[in-house]
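Trainee:
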Amino acid sequence: MEGRDADQDEPQSQQKMRWMQHYGLASKPRAGSEIAAVSIGGAATNRIALASSTPGAGPQTQEDGEVELYAEHGQRVVLDKDGRLTVSASGSTIVLKPDGTVAIDAKAGADVVVNGGTAKVAVEGTEVDCGSLSVVLSMAGIAQVYWWAPGTLTFSPVPVYPAKLPITGKIGPGAARFKA
22 MEGRDADQDE
32 PQSQQKMRWM
42 QHYGLASKPR
52 AGSEIAAVSI
62 GGAATNRIAL
72 ASSTPGAGPQ
82 TQEDGEVELY
92 AEHGQRVVLD
102 KDGRLTVSAS
112 GSTIVLKPDG
122 TVAIDAKAGA
132 DVVVNGGTAK
142 VAVEGTEVDC
152 GSLSVVLSMA
162 GIAQVYWWAP
172 GTLTFSPVPV
182 YPAKLPITGK
192 IGPGAARFKA
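Adding 21 to a residue's 1-based position in the sequence shown gives its number in the numbering used here.
Written out as structure tokens, the structure is:
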């Protein structure tokens, strides 16, 4: 710790001290932070830092009963008076609401990865490339059906002309619990 023992008129000094923090929470105050310390047994060589604050940094809009974990780089975890838990960083926000709803607002152009990213998620109305079908008539009037897979230049003949060939072009209603 660097600072003055008591009065602003005293010369600056540096003293080692233990930094006591709550279990599971660790922070390192930046230079210029104010630190509240106590001397165990009144000995200046046995000080413990209890709390720190950096003037002008941190939450400025908290209401009574709210808790916020923050870093100077803009990351925030807020437990607000309405029962919401909000996590925000780098322009993206996740909000867990008291009714159990989870709202994800990703920064423009950023991906939202669900369940490890093993499956793509689309919303109702998203256009889907299902490939192409061609029906070719031979000179003898026999039809052959060909299917081109999405994004390929090769085709596969459909061996048996089906009575019904299901192809869709838009995503229909998705899971009732996943909305966009």
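Glycine is no exception: its CB is placed at the ideal position from the N, C-alpha and C atoms.
Everything numeric in this text was worked out from a predicted model, so none of it was measured.
Would you kindly work out how many angstroms separate the C-alpha atoms of Ala-92 and Ala-78, rounded to a whole number?
Mentor: When rounded, the distance between both Cα atoms is 9 Å.
Trainee: Use the C-beta contact count for Val-135: other C-beta atoms within 10 angstroms, 16 or more gives buried, fewer gives exposed.
Mentor: By the neighbour-count rule (16 or more Cβ atoms within 10 Å), Val-135 is not buried but exposed.
Trainee: Are the beta-carbon atoms belonging to Arg-97 and Glu-84 less than 8 Å from one another?
Mentor: It is not a contact, given that the beta carbons lie outside the stated cut-off.
Trainee: Does the distance from the C-beta atom of Asp-103 to that of Ser-113 stay below 8 Å?
Mentor: Their beta carbons are not under 8 Å apart, which means Asp-103 does not touch Ser-113 by this criterion.
Trainee: Measure the Cβ-Cβ separation of Ala-58 and Arg-68 and say whether it is below 8 Å.
Mentor: Yes, these two residues count as a Cβ contact at 8 Å.
Trainee: 8 Å is my cut-off, CB to CB: does Gln-96 come that close to chain D?
Mentor: Here there is only one protein chain, and chain D is not present.
Trainee: Give the range of the beta strand (DSSP E) segment to which Thr-114 is assigned.
Mentor: Taken as a continuous stretch (DSSP letters only), the beta strand (DSSP E) holding Thr-114 covers 113-117.
Trainee: In or out: Val-99 buried (at least 16 other Cβ within 10 Å) or exposed?
Mentor: Buried: at least 16 other Cβ atoms inside 10 Å.
Trainee: Starting from Gly-68, follow the beta strand (DSSP E) in both directions and report where the run begins and ends.
Mentor: The question names Gly, but residue 68 in the sequence shown is Arg. 68-74 is the span of the beta strand (DSSP E), which, as asked, contains Arg-68.
Trainee: If I'm right that Ser-73 touches Ile-56 with Cβ under 8 Å, what's the distance once you round it to whole angstroms?
Mentor: Contact holds; Cβ gap of about 5 Å.
Trainee: Verify whether the separation of the beta carbon atoms of Met-41 and Ala-64 is less than 8 Å.
Mentor: Cβ atoms of Met-41 and Ala-64: not closer than 8 Å.
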